[in-house]
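Undergrad: One structure follows; several queries about it will come next.
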Amino acid sequence: MRRAKIISTGRYLPPKVVTNKDMEKLVPTSDEWIRERTGIEQRYFVDLKPGEELGVSDLAYEASKIALERAGMQPSDIDLIIFATLSPDYVFPGSGVLLGKNLGIPGVGALDVRNQCSGFIYALSVADAYIRAGIYDHILIAGAEIHSTGLEYNEHGRHVTVLFGDGAGVVILGPSEDEEHGILSTHLHADGRYALELCAINPGSRRVPRIYPEMLTDHSMYPHMNGREVFKHAVTKFPKAIMEAMEANNLTLDDVKLVIPHQANLRISEAVAQRMKLKPGQLYSNIQRYGNTTAASIPIALDEVLEQGMLERDDIVIMAAFGSGFTWASAAIRWS
Ligand code: ACO
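As numbered in the working numbering, residues 11 to 346 make up the sequence shown, in order.
Written out as structure tokens, the structure is:
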């Protein structure tokens with residue numbers, strides 16, 4: 011049986027570092043409140059002046075160049091782009107086509123995935139299926155977000171605004187040399203009954219007129235989050251997703267080298283580690299430095315993990331995500 015494996019990774023963070031002290035100048039908050047509730051110390055924001063333009067496709071392009079170079083590949087070696095984001099460059103078309111334009115590969119298919127915090131694992135499952143089926147050989151997955159230009163810098167939105175950061179992570183997948191290594195399984199879930207607990211509803215197609223003057227003041231264009239409901243579901247769905255990945259492959263926690271969760275909130279990750287009785291260091295956290303970068307958070311974390319030499323051949327990695335939708339997902343990989 012043919013399997014897919016991760017060949018290479020890259021990450022790109024925009025140059026502007028926004029510490030919690032900087033955040034205190036943008037919204038009524040404090041370094042102490044942010045650290046205590048979320049573990050976040052700083053995040054990266056794009057630095058755009060009015061009239062300037064930069065999109066998630068541009069951040070993903072920078073990360074793609076690094077991943078391609080590390081793989082010793084040219085853009086023309088890529089057979090398909092999959093782009094996961096909740097903050098696309100435009101309402102339409104999707105950001106995948108723009109990344110394809112940046113990479114100079116016209117004609118190569120580009121698929122956009124809209125599953126927010128779970129977007130990277132949803133994208134990974136699609137790429138895995140295509141490669142297993144022999145339809146494509148090399149697939150580039152980008153997870154990229156620009157949150158900073160779409161947040162509410164006031165008291166109403168501050169519980170959301172302090173959480174998020176901008177950035178991009180890219181992985182390149184290809185066929186594994188053997189059946190034992192690579193992506194072992196992926197598992198996807200969704201429950202739309204909770205769609206409005208974590209959402210940005212406008213401009214959406216449900217309303218007539220779609221664009222109306224009160225949109226500027228009724229908060230409906232900004233992210234809405236029921237933080238307690240998100241927390242409650244996250245701390246049960248993350249462990250379920252991780253367990254599902256282990257059970258599907260007859261693995262126990264002792265077999266797992268590293269769990270790389272979507273970096274939602276350090277308190278959520280700590281609660282998951284505690285509930286699952288993970289060993290110290292078995293769950294990777296970097297939200298302290300990046301904030302929550304949604305679809306970019308797992309590929310950014312994986313890129314750091316590889317840079318630090320934390321994974322060796324045969325190591326088992328479990329990736330898990332939970333987020334808006336609600337959606338949750340996991341993947342099990344035997345590293346090659
Ligand atoms: N700075 C200072 N004070 C704040 C801020 C802020 N940024 N935001 C809210 N507050 C205040 C509130 O106004 C409130 O004040 P009051 O008691 O005087 O009314 C107080 O802090 C508590 O507000 P709550 O909203 O009830 O805060 P809570 O204790 O629930 O913590 C938080 C909020 C951190 C968002 C928490 O609900 C949480 O961790 N939820 C999980 C959500 C999450 O992590 N989402 C990540 C994105 S989604 C994902 O990736 C899965």
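Quick reminder that beta carbons are idealized off the backbone N, C-alpha and C, glycines included.
(1) Write down the C-beta distance between Y232 and E162 rounded to the nearest angstrom, noting that I regard them as a contact closer than 8 Å.
(2) Below 8 Å on the Cβ atoms is my contact criterion, and I expect A120 with L109 to pass it. Report the Cβ-Cβ distance as a whole number of Å.
(3) Kindly confirm or deny that the segment 236-246 and the segment 297-306 touch, where touching means at least three C-beta pairs closer than 8 Å.
(4) Following a CB-centred definition, is W43 positioned closer than 7 Å to any heavy atom of the ligand ACO?
(5) Please work out which residues of its chain come closer than 8 Å, Cβ to Cβ, to V118, disregarding the five sequence neighbours upstream and downstream, and give them in chain order.
(6) Where P309 and I131 are concerned, what is the direct C-alpha to C-alpha distance, given to the nearest angstrom?
(7) How many angstroms separate the CA atom of K289 from the CA atom of A283?
(8) Is it right to say V240 is buried, meaning 16 or more other beta carbons lie within 10 angstroms of its own, or is it exposed?
(9) Cutting at 8 Å between CB atoms, please list the residues of its own chain near Q84, excluding the five before and the five after it.
(10) Does the structure place the segment 312-328 close enough to the segment 211-228 that three or more beta carbon pairs sit under 8 Å?
(11) Looking at C-beta atoms only, is the number of pairs between the segment 259-273 and the segment 19-35 that lie closer than 8 Å three or more?
(12) Which whole-angstrom value describes the C-beta separation of G179 and G160, a residue pair presumed to lie in contact below a C-beta threshold of 8 Å?
(13) Could you tell me if the beta carbon of M235 falls within a distance shorter than 7 Å of some heavy atom in the ligand ACO?
(14) With a threshold of 7 Å (Cβ to nearest heavy atom), would A330 be considered close to the ligand ACO?
(15) If you follow the alpha helix (DSSP H) that K111 is in, where does it begin and where does it stop?
(16) Report the three-state DSSP secondary structure of M11 (helix, strand or coil).
(17) Do three or more CB pairs link the segment 129-143 to the segment 166-173 at distances below 8 Å?
(18) Is DSSP giving F332 helix, strand or coil here?
(19) Identify the continuous beta strand (DSSP E) that holds Q52 and give its terminal residues.
(20) Is it buried or exposed, M360, if we count other Cβ atoms within 10 angstroms and call 16 or more buried?
(21) Once the 5 residues before and after R142 are set aside, which same chain residues still bring their CB inside 7 Å of it?
(22) Between the Cα of S158 and the Cα atoms of L64, T262 and K31, which residue gives the shortest distance?
(23) Determine the direct distance from the alpha carbon of K250 to that of S279, and round the result to whole angstroms.
(24) Please name the residue, chosen from D325, V123, P103 and G177, that lies closest to A73 on a Cα-to-Cα basis.
(25) Which of the three DSSP states is assigned to W338 in this structure?
(26) Please confirm whether any heavy atom of the ligand ACO lies closer than 7 Å to the CB of I193.
(27) By DSSP's criteria, Y146 is part of a beta bridge. Which residues make up the other side?
(28) Please confirm whether any heavy atom of the ligand ACO lies closer than 7 Å to the CB of A274.
(29) Can you grab the Cα-Cα spacing for the pair M33 / P185, in whole Å?
(30) Taking the straight line between their C-alpha atoms, what separation do you get for G301 and F174?
(31) Should A255 and S195 be called a contact, given that it needs their Cβ atoms to be closer than 8 Å?
(32) I need the DSSP call for H229, collapsed to helix, strand or coil.
(33) Going by beta carbon distance, what residues of the same chain come within less than 7 Å of I115, once the five residues before and after it are set aside?
(34) Could I get the ranges of all uninterrupted beta strand (DSSP E) runs contained in the segment 22-74, with 3 residues as the minimum, in chain order?
(35) Please confirm whether any heavy atom of the ligand ACO lies closer than 7 Å to the CB of L297.
TA: By the coordinates alone:
(1) Sure, about 4 Å apart at Cβ, within 8 Å.
(2) At roughly 7 Å, the Cβ-Cβ gap stays under 8 Å, so A120 and L109 are in contact.
(3) No: fewer than three Cβ pairs fall under 8 Å.
(4) Look at W43: its beta carbon is less than 7 Å from one of the heavy atoms in the ligand ACO.
(5) For V118, where only same-chain residues beyond five positions count, the Cβ hits under 8 Å are I88, D89, L90, I91 and G110.
(6) The alpha-carbon atoms of P309 and I131 are separated by roughly 10 Å.
(7) Answer to the nearest angstrom: the Cα atoms are 8 Å apart.
(8) Looking at its Cβ environment, which holds 16 or more other Cβ atoms inside 10 Å, V240 is buried.
(9) Hits under 8 Å: L78.
(10) Taking a cut-off of 8 Å on C-beta distances, the segment 211-228 does not touch the segment 312-328, as fewer than three cross pairs fall below it.
(11) The segment 259-273 is not in contact with the segment 19-35.
(12) Actually they are not in contact, since the Cβ atoms of G179 and G160 sit about 19 Å apart, beyond 8 Å.
(13) Yes; taking the cut-off as 7 Å, the Cβ of M235 has a heavy atom of the ligand ACO nearer than that.
(14) Every heavy atom of the ligand ACO is 7 Å or more from the Cβ of A330, so no.
(15) Unbroken alpha helix (DSSP H) run through K111: S105 to L113.
(16) M11 falls in the coil class under three-state DSSP.
(17) With the cut-off at 8 Å, the segment 129-143 and the segment 166-173 do not touch.
(18) Shown here, F332 sits in a strand according to DSSP, grouped into three states.
(19) For Q52, the uninterrupted beta strand (DSSP E) run begins and ends at Q52 to F55, by DSSP.
(20) Missing from the structure shown is residue 360; the chain here goes from 11 to 346 and no further.
(21) Excluding positions up to five away in sequence, the list reads R12, R13 and A14.
(22) Answer by Cα proximity: L64.
(23) Approximately 13 Å, taken between the alpha carbons.
(24) Of the listed residues, the one whose Cα sits closest to A73 is G177.
(25) Looking at W338 - three-state DSSP - the assignment turns out to be strand.
(26) At a threshold of 7 Å, I193 does not count as near the ligand ACO, since its beta carbon sits no closer than that to any of the ligand's heavy atoms.
(27) For Y146, which the question treats as bridged, DSSP gives no partner whatsoever.
(28) At least one heavy atom of the ligand ACO is nearer than 7 Å to the Cβ of A274, so yes.
(29) Approximately 44 Å between the Cα atoms of the pair.
(30) A direct Cα-to-Cα measurement between G301 and F174 gives close to 5 Å.
(31) With respect to S195, A255 sits close: the two C-beta atoms are nearer than 8 Å.
(32) The answer is coil: DSSP assigns H229 none of H, G, I, E or B.
(33) Excluding residues up to 5 positions away in sequence, P85, S86 and I88 lie with their Cβ nearer than 7 Å to the Cβ of I115 in the same chain.
(34) Here the runs fully enclosed are 26-29 and 52-55.
(35) Residue identity check: residue 297 is Ile in the sequence provided, not Leu. No; taking the cut-off as 7 Å, the Cβ of I297 has no heavy atom of the ligand ACO nearer than that.
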